[in-house]
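Numbering of the sequence shown is given in the working numbering, commencing with residue 3 and proceeding in unit increments. Don't be surprised by glycine CBs; every beta carbon is placed ideally from N, CA and C. Note that this is a predicted model, so its numbers are computed, not measured.
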Amino acid sequence: MEPTYCLVVSSPMPSAVIGDVRDRFGDVRVSAAPAGVVIECSVPDQAALRALLTQVWDVGGAVVLVVAVTATRIGRSRHGHDQR
């Protein structure tokens, strides 16, 4: 199972960049947050994580947080309840 990462970016991301990320990594979830934009996706290894970060940096995105997400956290709301 590939690790899932959650990136918080302090500025909006161009839709073309999100499209490129989806093309490369598959199932990518993007949502708005008080701090900016949250990008959540699975990556196969650290080199792929670095490539994802580089894509964000190349368009001027400022990554303020990178978190490895455990399987128990996926599919839960911000309040920790299952989304059903």
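Cutoff 6 Å; reference residue i; Cβ partners in own chain excluding five residues on either side
i             : result
valine 30     : Val23, Arg24, Cys43
valine 69     : Cys8
isoleucine 88 : The chain is shown from 3 up to 86; residue 88 falls before or after that span and cannot be answered.
histidine 81  : In this prediction, histidine 81 scores a pLDDT of 40, lower than 50, which makes its location untrustworthy; the coordinate-derived value is nonetheless stated afterwards. Excluding positions up to five away in sequence, the list is empty.
methionine 3  : none
CB contact flag (residue i, residue j, <9 Å)
i            : j             : result
leucine 54   : valine 45     : yes
serine 12    : glycine 38    : yes
threonine 61 : methionine 15 : It is worth fixing the name first, because residue 61 is valine in this sequence and not threonine. For valine 61 and methionine 15, yes; Cβs fall inside 9 Å.
Start and end residues, alpha helix (DSSP H) containing residue i
i         : result
serine 17 : 17-27
Nearest to residue i (by Cα), restricted to the options the options
i          : options                   : result
valine 19  : Gln57, Pro5, Val11, Ala64 : Gln57
glycine 28 : Pro14, Ala34, Thr6        : Thr6
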